[in-house]
Amino acid sequence: MKQAVKFVFRALDRIFGYGRSIKTTVFKSLFTQVAFTPPFIALFLCMSAVMNNKDVWTTLKEKFIPININSCLIWPFLGIINFRWIPPNRQLIFINVCGIGWNTYMSFASNAVVVSPQPRTSTNI
């Protein structure tokens, strides 16, 4: 995984430049969120479903959107911090440390039981 992130960061520098302007950091952060995060979440959920002997499609349908929404609430801001204020030689370390917490959440969320709401029944007395 480390090599993949390193490759992505180098590609982002080639595409958007090495600058630390707000515009550059926002573009880098949003690009990673749109282009790389959804496939990563889907792959993680598929692997988790296979390892837990669960149906892959059901797992994706139930858990992909909530996890992706939470990702959109967290990672763009971490990306902006990373590309704006973290020195380039420390960016991979910063993202990997943040990734420990994110992977813990992903593991918890992918194994959480989805409870369907039960319709209320009225009791006439």
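Residue 61 in UniProt numbering is what sits at position 61 of the sequence shown, and the numbering runs on without skipping anything.
Positions of the beta carbon are idealized from the N, C-alpha and C atoms, including for glycine.
*Please list the segments of the alpha helix (DSSP H) lying wholly inside the stretch 78 to 113, counting only runs of 4 or more residues, in order along the chain.*
Segments of the alpha helix (DSSP H) lying fully in the stretch 78 to 113: 91 to 111.
*Counting pairs of Cβ atoms below 8 Å between the stretch 28 to 35 and the stretch 93 to 109, do you hit three or more?*
Output reads no: the stretch 93 to 109 does not touch the stretch 28 to 35.
_Looking at residue 29: is its Cβ nearer than 9 Å to the Cβ of residue 79?_
Yes.
*Euclidean distance between Cα positions of residue 24 and residue 51*: C-alpha separation (whole angstroms): 39 Å.
*Do you know offhand how far residue 5's Cα is from residue 11's?*
C-alpha separation (whole angstroms): 10 Å.
*Report yes or no: do the stretch 60 to 67 and the stretch 41 to 49 share at least 3 C-beta pairs separated by less than 8 Å?*
The stretch 60 to 67 makes contact with the stretch 41 to 49; the number of CB pairs closer than 8 Å reaches 3 or more.
*asked:* My assumption, with CB atoms under 8 Å, is that residue 67 sits in contact with residue 112. Please give the rounded CB distance.
replied: That pair is no contact at about 10 Å.
*asked:* Using a Cβ-Cβ cutoff of less than 6 Å, which residues in the same chain neighbour residue 106 once the five nearest sequence positions on both sides are dropped?
replied: Take residue 106, set aside five residues on each side of it, and the residues of its chain with a beta-carbon closer than 6 Å to its own are 44, in chain order.
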